[in-house]
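Numbering (my numbering), first residue to last: 8 to 125. Glycine is no exception: its CB is placed at the ideal position from the N, C-alpha and C atoms. See structure below.
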Ligand code: FES
C-alpha cells in the first residue's frame, strides 16, 4: 500500500528543471524530463551523496560525488554496475503533483541486485 503525498502544483517545473521535496524526513528530487515528471530518492546508492545537484544529460543524472550515472525514469545505473536509485511514481491529481511513497513497487527488483563499483 502506498501513501499519496502532494509535493507541488502541476506546471511549476519546466522541462529540464528539478526541485527538492522533503517528506517524512526523507529527501526526494522531482524532475521534469521532456514534459514528464519523475521522482527519485535524493541519496546515491553508491555512497550516499545527494543527487539533487547532479548534472542532467537527457534522462541521465550524474552523481556529483563519483560520477555514476542513473536513469531518472527507471533509477537504473548506466552500464553493468547493478546499482539503482529508488524511484517513486508521480501523478497529477486535481492540478497537484502527487508522489506515491512505496519504493518497493517503484524500483524494479532486478535493479537492486549486483555489486557497487569501486
Ligand atoms: S556517491 Fe554517488 S557515485 Fe559515489
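Looking at the DSSP output, residue 11 sits in a beta bridge with 107.
Around the C-beta of residue 91, 16 or more other C-beta atoms lie within 10 Å, and the residue is accordingly described as buried. Residue 41 sits away from residue 71, with the two beta carbons spaced by 8 Å or more.
Cβ contact annotation for residue 39 (same chain, cutoff 7 Å, sequence separation greater than five): 20, 21, 22, 23, 24, in chain order.
Residue 48 has its alpha-carbon roughly 12 Å from the corresponding atom of residue 83.
Taken from the Cβ of residue 32, every heavy atom of ligand 1 lies 7 Å or farther away. In terms of side-chain proximity, the C-beta atom of residue 54 is found nearer than 7 Å to a non-hydrogen atom of ligand 1.
For residue 37, the secondary structure class from DSSP, reduced to helix, strand or coil, is strand. Straight-line measurement puts the Cα of residue 100 at about 33 Å from the Cα of residue 89.
Proximity of the beta carbon of residue 89 to ligand 1 is not indicated: no heavy atom of the ligand is located closer than 7 Å.
Beyond the five residues adjoining it in sequence on each side, residue 69 comes within less than 7 Å, by CB distance, of 61, 62, 76 in the same chain, given in chain order.
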